[in-house]
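Peer 1: For the sequence shown, the positions run 718 to 873 when the numbering used here is used. The C-beta atom is built at its ideal place from N, Cα and C for all residues, glycine as well.
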Amino acid sequence: MKGKLVRDQSAASTELGYIFTFLLGVLFLSMFSVWAFGLETSTRENWNTTAVDINMADLAGAVERADLASREDSSVRYAEVVNWRLTEADESQFVLTLDDEGLHLDHTENVLDRDVSISATGSGVYDGRITLSGITQIWIIYDDGVTYLDNKRPDF
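1. Using a Cβ distance threshold of 8 Å, determine whether the region 858-867 contacts the region 825-844, with at least three qualifying pairs required.
2. Count the other C-beta atoms from every protein chain shown that fall within 10 angstroms of the C-beta of Met773, then say buried if there are 16 or more, exposed otherwise.
3. Taking Cβ to Cβ, would you say Ile855 is nearer than 8 Å to Val799?
4. What do you get for Asp784, buried or exposed, if any count of 16 or more other CB atoms within 10 angstroms of its CB means buried?
5. Are Arg846 and Val812 touching if we call contact CB-CB under 8 Å?
6. Measure the C-alpha to C-alpha separation of Leu746 and Ser727 and round it to an integer number of angstroms.
7. What span of residues does the alpha helix (DSSP H) with Arg706 cover, start to end?
8. Run through DSSP, which three-state label would Asp828 get?
9. Under 8 Å by Cβ, that's how I've got Ile852 and Ala777 pegged, so tell me the actual separation to the nearest angstrom.
10. Rounded to a whole number of angstroms, what is the C-alpha to C-alpha distance between Gly755 and His824?
11. Starting from the C-beta of Asp816, find all residues in its chain whose C-beta is less than 6 Å away, skip the five residues before and the five after it, and write them out in chain order.
12. What residues match up with Asp860 in a beta bridge as DSSP calls it?
13. Could you give the DSSP three-state label for Ser834: helix, strand or coil?
14. Where does Glu805 fall in DSSP's three states?
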């Protein structure tokens, strides 16, 4: 039996179909991974902003309660601890400031900057500036006519 060379192109087209199917799969997987990464990033950013907003609301509420206590009596002392909810942002870049205009949170990522107004109806002045590096508790203290922020429990 003598073999005869036959020009069969059906195998080549099948092979090209396999290659195009493989490339289409790679394209779909790449698009899915980009979508999943965007979803994860969006969720993380949303968590950061939500946690910062809730933290600032808790701190502003504590300042308002310190103001209320300061109006009761001139010799009153008040201290309240607020637990800081951690974020995925670099906490060492957060600087929290309290002044007559309100609470201010500054971060190198400007999207996390926050300013919360307070009523400023206390009988004293407002002061305080702390960096939130490694801090999970912030003390709002009213003592001797000053409402201030601290990261340590007061001695009184």
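Peer 2: Let me spell this out:
1. yes
2. buried
3. yes
4. buried
5. yes
6. 29 Å
7. Residue 706 lies beyond the range of the chain shown here (718 to 873); nothing can be said about it.
8. Reading off the sequence shown, one finds Val at residue 828, where the question assumed Asp. Reduced to three states, the DSSP call for Val828 is helix.
9. Going by Cβ atoms, the distance from Ile852 to Ala777 rounds to 17 Å, so no, they are not a contact pair.
10. 23 Å
11. Tyr843
12. Val863
13. strand
14. coil
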